[in-house]
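The structure appears below as structure tokens.
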DNA sequence: CAAAAAAATTAAGCTGGTTTAAGAAAAAGT
DNA sequence: ACTTTTTCTTAAACCAGCTTAATTTTTTTG
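Chains as they are written, first to last, in our numbering: chain A, 1 to 190; chain B, 1 to 190.
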């Protein structure tokens with residue numbers, strides 16, 4: 001089992017050796033190359049994914065036929081299309097690696113079985129989800145509070161690791177900007 | 001204890017009479033008049049709130065000194081500033097009733113004690129939080145996918161109950177539009 | 001290393017939605 | 001019923017950020 005994953009869970013709940021062993025039964029590690037898809041539009045999102053190493057992006061294709069990124073996931077982040085995952089509905093999203101990545105995945109049935117055997121994991125997931133809600137409250141606030149220029153600068157200073165690892169046009173897409181406008185902002189702000 | 005609340009929990013987990021009685025110990029019902037505040041900017045958000053009857057809004061004051069609404073909560077919704085609640089940090093939000101409302105509140109200490117005594121409630125909250133994450137994924141998608149006009153029309157057709165109950169300028173604020181523009185849209189689309 | 005593909009830049013013109021300001025209509029309080 | 005407050009409307013001027021299109025730079029691949 002991946003030590004980073006254990007460490008992450010252990011930040012929120014107590015974990016004994018037996019629990020770790022049981023967890024191991026349900027969780028499936030996969031290594032992906034750069035630009036591989038974990039989910040494509042039209043498929044049902046059968047799993048939730050934990051990033052051990054690497055980077056994922058989630059996006060959809062908008063009416064103008066361009067990719068609109070809605071989320072990134074770096075190390076120790078969970079990602080999924082939760083609507084598709086919970087209700088078994090075809091997803092409108094793609095989930096793809098931005099770079100070579102080591103992923104842990106757990107599908108809906110395994111998750112239910114795991115939670116039945118290890119109910120203390122409900123608490124871990126509850127806290128993770130609660131933090132995700134808090135994060136999206138913050139994100140919505142920034143969207144309304146900041147101009148696009150301020151939003152871009154705020155993102156770059158808050159998450160410098162992204163600027164290093166992720167192409168500029170993907171950051172533009174995530175922030176709802178055109179690559180051309182980001183280019184202009186960079187010229188102005190450097 | 002409020003039957004709507006019990007019914008809501010019962011949608012996600014099994015509830016026996018004893019559990020309900022224990023729950024009752026930790027949960028505090030309060031009735032608010034129209035326009036009363038449950039939280040003000042600068043205060044720590046000490047509780048999470050469940051709307052039994054009525055309507056709440058959450059907003060912050062932006063740089064132009066106008067109220068920016070980020071969330072509503074109608075019957076059977078939970079609302080809180082989760083960052084403030086989890087980390088005991090002063091909130092930047094206000095939470096206020098839009099109309100006379102019956103609210104159940106549970107503060108952080110009571111929540112922890114309740115979850116210790118009723119660990120099965122972790123599952124309920126995990127599912128609630130997971131659904132909230134799914135909802136915010138959908139919201140972000142709409143923000144990127146739809147023009148402001150489409151966004152307004154989509155909201156009005158998806159949540160007609162809001163249009164009935166909530167003043168138009170509040171819906172405008174929630175959607176990130178000026179009241180003037182909404183007025184124009186209404187003229188155009190009726 | 002050369003060729004191709006992917007990513008970033010530049011600049012001019014344009015538009016969806018805001019701002020500003022004034023007035024009208026509806027709702028709430030006394 | 002009357003006064004005050006809140007909410008909604010109208011219209012013109014304005015601008016942040018987008019579109020389009022061509023070029024350059026960087027990265028990837030054989």
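Backbone N, C-alpha and C fix where the C-beta goes; we use that ideal spot for every residue, glycine too.
Query	Result
Which word fits residue 166 of chain B, buried or exposed, when buried means at least 16 other C-beta atoms lie within 10 angstroms of its C-beta?	buried
When the Cα atoms are used, what is the spatial distance from residue 129 of chain A to residue 164 of chain B?	32 Å
Mind pulling the alpha helix (DSSP H) runs of 4 or more residues that sit fully within the stretch 69-108 of chain A?	82-87
What distance in whole Å lies between the Cβ atoms of residue 46 of chain A and residue 107 of chain A, which are believed to be in contact at a cut-off of 8 Å?	5 Å
Measure from the alpha carbon of residue 97 of chain A to the alpha carbon of each residue in A:6, A:18, A:73 and A:90, then state which is nearest.	A:73
Take the Cβ of residue 70 of chain A as the centre, count every other Cβ of all protein chains shown within 10 Å, and call the residue buried at 16 or more, exposed below.	buried
I'd like to know if residue 125 of chain B contacts chain A, where contact means its C-beta is closer than 7 Å to some C-beta of that chain.	yes
Kindly list, in the order they appear in chain A, the residues whose Cβ is closer than 8 Å to that of residue 70 of chain B.	137, 140, 141 and 144
Would you list, in chain order, the members of the stretch 39-63 of chain B that have their beta-carbon closer than 9 Å to a beta-carbon of chain A?	58, 60, 62 and 63
Which of the three DSSP states is assigned to residue 118 of chain B in this structure?	coil
Would you mind telling me which residues of chain A sit closer than 7 Å to residue 170 of chain B, beta carbon to beta carbon, in chain order?	Per Cβ cutoff of 7 Å: no residues; residue 170 of chain B is ~14 Å from chain A at best.
Could you spell out the range, first to last residue, of the alpha helix (DSSP H) harbouring residue 191 of chain A?	Because chain A here runs from 1 to 190, residue 191 of chain A falls outside it and cannot be looked at.
Residue 134 of chain B versus chain A: which residues are under 7 Å apart at the beta carbon?	82, 83 and 86
By the 10 Å Cβ neighbour count, where 16 or more other Cβ atoms means buried, how is residue 109 of chain A classified, buried or exposed?	exposed
Which class does residue 165 of chain A belong to by DSSP, given the choice of helix, strand or coil?	helix
Of the choices A:42, A:82, A:179 and A:117, whose alpha-carbon is the least far from that of residue 25 of chain A?	A:117
Find out if the Cβ-Cβ distance for the pair residue 54 of chain B, residue 100 of chain B is shorter than 7 Å.	yes
Per DSSP, which one or two residues make a beta bridge with residue 51 of chain B?	B:103
With a threshold of 7 Å between beta-carbons, can residue 130 of chain A be considered close to chain B, or not?	yes
Does chain A have any CB closer than 7 Å to the CB of residue 99 of chain B?	no
Look up residue 157 of chain B in the DSSP assignment and say whether it is helix, strand or coil.	helix
Flag this pair as yes or no: are the beta carbons of residue 186 of chain A and residue 13 of chain A separated by less than 7 Å?	no
For the stretch 156-188 of chain B, enumerate the residues whose C-beta is nearer than 7 Å to any C-beta of chain A, in chain order.	176
Figure out for me which residue from A:77, A:60 and A:136 has the closest Cα to the Cα of residue 94 of chain A.	A:60
Please classify residue 17 of chain B: is it buried, with 16 or more other beta-carbons within 10 angstroms of its beta-carbon, or exposed?	exposed
Using a Cβ-Cβ distance cut-off of 7 Å, determine whether residue 122 of chain B contacts chain A.	yes
Should the stretch 145-156 of chain A be called in touch with the stretch 143-152 of chain B, which here means at least 3 C-beta pairs below 8 Å?	no
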